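As C-alpha cells, then:
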C-alpha cells in the first residue's frame, strides 16, 4: 500500500490520476515508489517518537539531579515520577517496534536511546554506585523489543559522565564534601571526605564519585575509534573529569579556608603543562 502524500502544511493531498503508458518495467518502479513512500512515513513516525522519548528521558535526568546522596535508595517521590515517565517511554517505543525490527534497526537513527541509556545509567549509579550493564539497560524496557546497539550504550555512558559531573559539583557546593557512597554501617557525616581507619583488614572504605568518574573515563578512553562522534564525546568527557578533580582538590587542600558553598572557578587554568593527551591530572 503506497504512503500518504501530504502538502507542505501536512494535510493529506490527493494526487490526480494520470493516464501514463505502461510497459514491462512499470510495475517494478511502482513497487520502488511504494517502498520509498513507506520508508519516509516510517522515518517521520520514528523521528516523532524519538523526540518525545528524548524529552521524557531528560525529565528523568532532571529529577535525578535533585538527589543528594550516593549509593542510597532514590527518594520515593522521585521514583514515582520517573516510573510514570518510564511507562510513557515504553508506550511510545512500542509503537515503532515493527518499524525498527531486523535490519531496519540500523537503517533509522534512534538518538533517543542514547538519552535513555544516560537516564537509566544515572539512576542505577545513584542507587547502587556502579555502572549499569548493557543487559540490565535492556531490561528497563521490559517487553518492548527495541534492541540497543553497542553505540547506543557506549555513547550513553559517555553522556553519563556529564551528569556525574553536575551531581558532584552541586552536592559538593551544598555539603562541602565530594559525594561518597554511604555504607550500611556508616551514618551520614558532616565531612564525607574523612574516612575512618578500617576496623579490620576486610573493611573497604567507600568510594567517592571522583574515583568512579576517573575509572569510567579510563575505560572509555581504551576504546580507540576513528568515529568523529567518539572523539568529540571523549574530549568533552576528559574536560568534565578535570572539573571534578579541581573541585575535589580545592575542597581537600583548602576546604577549611573557604566558606560553605564555595566552588572554584571551573574555567581557571591550573597549569601543570599540556593535558591534551591525558584525561587525568597527575
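In the working numbering, the protein residues as written are -15 to 266. Every residue gets a Cβ at the ideal spot worked out from N, C-alpha and C, and that includes glycine. Being a predicted model, the structure only gives us computed values, none of them experimental.
*Segment limits, alpha helix (DSSP H) that includes residue 234*: 212 to 238
*Is residue 105 closer than 7 angstroms to residue 87 when the C-beta atoms are compared?*
no
*When 155, 212, 238 and 227 are compared against residue 51, the one with the closest alpha-carbon*: 155
*asked:* Suppose you measure from the CA of residue 152 to the CA of residue 210; what does that come to, to the nearest Å?
replied: 30 angstroms
*Return the CA-CA distance between residue 173 and residue 158, expressed in angstroms with no decimal places.*
Unreliable placement is indicated for residue 173, whose pLDDT of 45 sits below 50; the coordinate value is still reported in the next sentence. Near 14 angstroms, if we compare the C-alpha coordinates of residue 158 and residue 173.
*Around the C-beta of residue 161, are 16 or more other C-beta atoms found within 10 angstroms, so that it is buried, or is it exposed?*
buried
*asked:* Within a Cβ cutoff of 7 angstroms, which residues of the same chain sit near residue 192, ignoring the five residues on either side of it in sequence?
replied: 162, 163 and 164
*Does the beta-carbon distance from residue 197 to residue 148 come in below 7 angstroms?*
yes
*asked:* Suppose only complete runs of 4+ residues qualify. What are the alpha helix (DSSP H) ranges in the region 78 to 158, listed by chain order?
replied: 88 to 91, 96 to 112 and 118 to 123
*From residue -2 to residue -11, what does the alpha carbon distance come to, in whole angstroms?*
7 angstroms
*Count the other CB atoms, across all protein chains shown, that sit within 10 Å of the CB of residue 126; report buried if there are 16 or more and exposed otherwise.*
exposed
*Please report how far the alpha carbon of residue 43 lies from the alpha carbon of residue 49, in whole angstroms.*
10 angstroms
*If we count the other Cβ atoms within 10 Å of its Cβ and call it buried at 16 or more, is residue 2 buried or exposed?*
exposed
*asked:* What residue range does the alpha helix (DSSP H) around residue 204 cover?
replied: 193 to 205
*How close, in whole Å, do the beta carbons of residue 128 and residue 195 come, if the pair is a contact with beta carbons under 8 angstroms?*
Incorrect: roughly 35 angstroms between the Cβ atoms, too far for contact.
*According to DSSP, which residues form a beta bridge with residue -10?*
-4
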